[in-house]
Amino acid sequence: MNYIDEFLKTDEPHCRLSLNEKTALSYAFLQQAADEIFNPDYEPRFTAAYFSEEKTLAWMDKLSQLPGYQFLKLYYRPKLHDADKIPEQEGAMLVSNHTTIYFGDVTPLFLGVYENKRRILYGLAHHVFKRSDIMKTIMCIPGNRSNALQLLKEDKLVLVCPEGILGACKPWKQNNKVLPVEGFSKTGMGYLRVAYESGKPIIPVANVGAEETALILGDVKPLVDQTIKSIDDLFAIGKQKWGEGLLEFMAKVKVVPLLVNLFPLPSKVDAYVGDAIPVRELLGNNPQLEDYWELNKLVIESLQQQIDQHLRKKKTLLQKLSTANSGWGR
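For the sequence shown, counting from 1, position 106 maps to 596 in this note's numbering; every step adds exactly one.
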């Protein structure tokens with residue numbers, strides 16, 4: 491079984507798979523992922539940036555039956571709260587904080603929208619995934635302005651994590667803090683311009699719990715860069731194909747996190763949907779940079795307030811449980 495061939499021929503939703511079919515499809519998924527990751531000569535088969543919502547829903551009806559899908563739900567225990575604030579048919583841009591490189595932060599969003607709304611949430615993925623066919627089959631598309639704008643004009647739901655890789659790789663001391671970096675910085679804010687041009691609202695969605703899947707001590711990119719440079723000076727690895735690729739990759743990488751755990755830790759991950767922000771209404775006609783900046787701060791504050799609120803609730807609940815257990819023990 492070929493993973494891409496199976497995807498292309500899938501059009502009917504609610505198809506029940508036998509045990510053998512589930513096993514074969516799971517194996518095909520792993521084969522496809524391995525080919526894309528480890529084969530330097532892999533050539534993408536898809537030219538389209540994304541596929542229709544109907545086709546992707548039909549494919550998700552298959553993937554949701556696989557053991558890997560069920561394991562993901564057990565591992566992260568994802569839950570999307572206040573899903574009723576997400577439109578049933580209209581388009582919107584969901585904006586969330588980026589908290590881990592292990593995909594735990596986006597899991598409750600993708601799965602929650604699929605399971606609760608029977609809609610597809612198209613995630614704008616980092617450019618490192620732009621050549622991946624498998625990512626396009628699981629709702630992730632190349633993250634650029636034209637793709638986002640086109641999807642919103644088609645009344646689709648689009649997920650953006652403006653903090654980018656710097657947010658996902660922030661050290662543990664900054665856990666549960668929304669940082670004004672990348673798309674949230676004053677030189678970014680492209681997500682706001684796309685929302686403004688499309689005329690669609692922004693829906694802030696605060697993620698709580700995903701940061702506990704990765705313990706990051708800090709950024710060691712300067713040390714890694716210096717080490718690779720020293721090796722290149724000694725052995726001229728840049729003259730080799732693999733070495734040239736490594737140097738090009740490191741030139742594009744903005745952060746190299748010092749991870750304590752190489753595999754994600756299990757953690758309950760919750761996503762809390764906030765009230766829609768009418769971008770065009772608030773910015774008015776001919777908005778300037780400062781107008782975008784003020785609205786950008788409003789989005790950041792909205793996310794931070796939701797995070798702080800639910801962390802306080804979680805802390806209070808744990809204290810009550812601890813008190814109750816102590817009383818029972820006596």
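We put the beta carbon where it would ideally sit given N, CA and C, even for glycine.
Note that the structure is a prediction, hence the values are computed from the model and not measured.
Residue i - containing alpha helix (DSSP H), residue span
| i | result |
| --- | --- |
| A696 | It is not in any alpha helix (DSSP H) - A696 instead sits in the beta strand (DSSP E) that spans 692 to 698. |
| I721 | 711 to 725 |
| S688 | 680 to 688 |
| P768 | Element bounds for P768: n/a, residue is neither H nor E. |
Cβ-based burial, residue i [other Cβ within 10 Å; buried from 16]
| i | result |
| --- | --- |
| G431 | Given that the chain is displayed from residue 491 to residue 820, the structure contains no residue 431 and the question cannot be resolved. |
| Y566 | buried |
| K552 | buried |
| C505 | exposed |
| L601 | buried |
| E780 | exposed |
| S636 | exposed |
| G594 | buried |
| D765 | exposed |
| G558 | exposed |
| M491 | exposed |
| F528 | exposed |
Cβ-Cβ separation, residue j to residue i (assumed contact under 8 Å), whole Å
| i | j | result |
| --- | --- | --- |
| K711 | V745 | 6 Å |
| L647 | K660 | 26 Å between Cβ atoms; not a contact. |
| R535 | I494 | 6 Å |
| S757 | T703 | 5 Å |
| T500 | A548 | 5 Å |
| M629 | L611 | 6 Å |
| G657 | T589 | 7 Å |
| V763 | L682 | Actually they are not in contact, since the Cβ atoms of V763 and L682 sit about 19 Å apart, beyond 8 Å. |
| L556 | L515 | 6 Å |
C-alpha distance - residue i paired with residue j, whole-angstrom precision
| i | j | result |
| --- | --- | --- |
| R621 | Q795 | 37 Å |
| Q560 | M583 | 27 Å |
| E486 | Y532 | This structure gives no information on residue 486, because the portion of the chain shown stretches from 491 to 820. |
| E605 | I718 | 45 Å |
| I624 | T813 | 48 Å |
| I790 | S675 | 10 Å |
| L748 | E502 | 44 Å |
| Q664 | I591 | 15 Å |
| K742 | E543 | 32 Å |
| N697 | N775 | 32 Å |
| G680 | G673 | 6 Å |
| G613 | E496 | 22 Å |
| P754 | C651 | 20 Å |
| L639 | S688 | 6 Å |
| I654 | Q809 | Position check: residue 654 holds Gly in this sequence, whereas Ile was assumed. The straight-line gap from Cα to Cα measures roughly 34 Å. |
Identified DSSP bridge partners for residue i
| i | result |
| --- | --- |
| S586 | V695 |
| G613 | C630, L649 |
| H571 | Y762 |
| I706 | L749 |
Boundaries (first-last residue) of the beta strand (DSSP E) holding residue i
| i | result |
| --- | --- |
| V763 | 760 to 763 |
| L748 | 747 to 749 |
| L737 | Careful: L737 lies outside any beta strand (DSSP E), inside the alpha helix (DSSP H) at 731 to 742. |
Interface flag, residue i vs chain C, CB-CB below 9 Å
| i | result |
| --- | --- |
| K512 | In the displayed structure, chain C is absent; only one protein chain is listed. |
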